[in-house]
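Asks:
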Amino acid sequence: METTLEPVRFDTKIAVLLRDDLQPWQRLNTTAFLVSGIGRAAPEVIGEPYADADGTAYLPMFRQPVLVFEGSAAALAASHRRAVDRGVALSVFTADLFGTGHDRDNRAAVRAVPRDRLDLVGIAVYGPRNAVDRIVKGARMHP
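Quick note on this note's numbering: the sequence shown kicks off at 213 and runs consecutively.
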């Protein structure tokens, strides 16, 4: 078992920004989908597998916290632009995806809309801490 007295500080940050008018089930669903891409794009963000005292194995999870924010549609669009401009790893979830049933249709729904016209309900970003802070600037922590 690992023990350390020093606080762990990460040079990177994972942040999810959700539109502030979503229903609770939409917030949860959107967050789950958004963060799923980060582990694939940045495998270094995944920690070691877990096990309990009985030796039951569990899947590994992110090695660092995921911060969840909320903001208006305008704040979400601005954060999206900043993430694209900075070239930070980014996942998107649009309102259209609430009506699709699988990955193929999700990708087709996003592909059908120009970037500046996406009806964004959430984004997730992963990158250097300072860059992510600038991207979500103006958003507030999710209650």
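Ideal Cβ positions, reconstructed from N, Cα and C, are used throughout, including at glycine.
If contact is defined by three or more beta carbon pairs under 8 angstroms, each pair taking one atom from either stretch, is the region 313-320 in contact with the region 273-285?
Replies: Not touching, per the Cβ criterion.
Asks: Compare the C-alpha of G339 against each of R329, D308, S303 and name the closest.
Replies: Residue 339 sits at position 127 when you count from the first residue of the sequence shown. It is S303 whose Cα lies nearest to the Cα of G339.
Asks: So the beta strand (DSSP E) F281 belongs to, where does it begin and stop?
Replies: Taking the sequence shown and counting its residues from 1, the one referred to as residue 281 is at position 69. Element bounds for F281: 278-283.
Asks: Determine the contact status of A351 and G283, defining contact as a CB-CB distance below 7 angstroms.
Replies: Residue 351 sits at position 139 when you count from the first residue of the sequence shown. Residue 283 sits at position 71 when you count from the first residue of the sequence shown. Taking 7 angstroms as the Cβ cut-off, A351 and G283 qualify as a contacting pair.
Asks: Cutting at 6 angstroms between CB atoms, please list the residues of its own chain near V300, excluding the five before and the five after it.
Replies: The count along the sequence shown starts at 1 and reaches residue 300 at position 88. Answer for V300: V337, G339, A343, listed in chain order.
Asks: Does DSSP classify V322 as helix, strand or coil?
Replies: The count along the sequence shown starts at 1 and reaches residue 322 at position 110. Note: V322 maps to helix in three-state DSSP.
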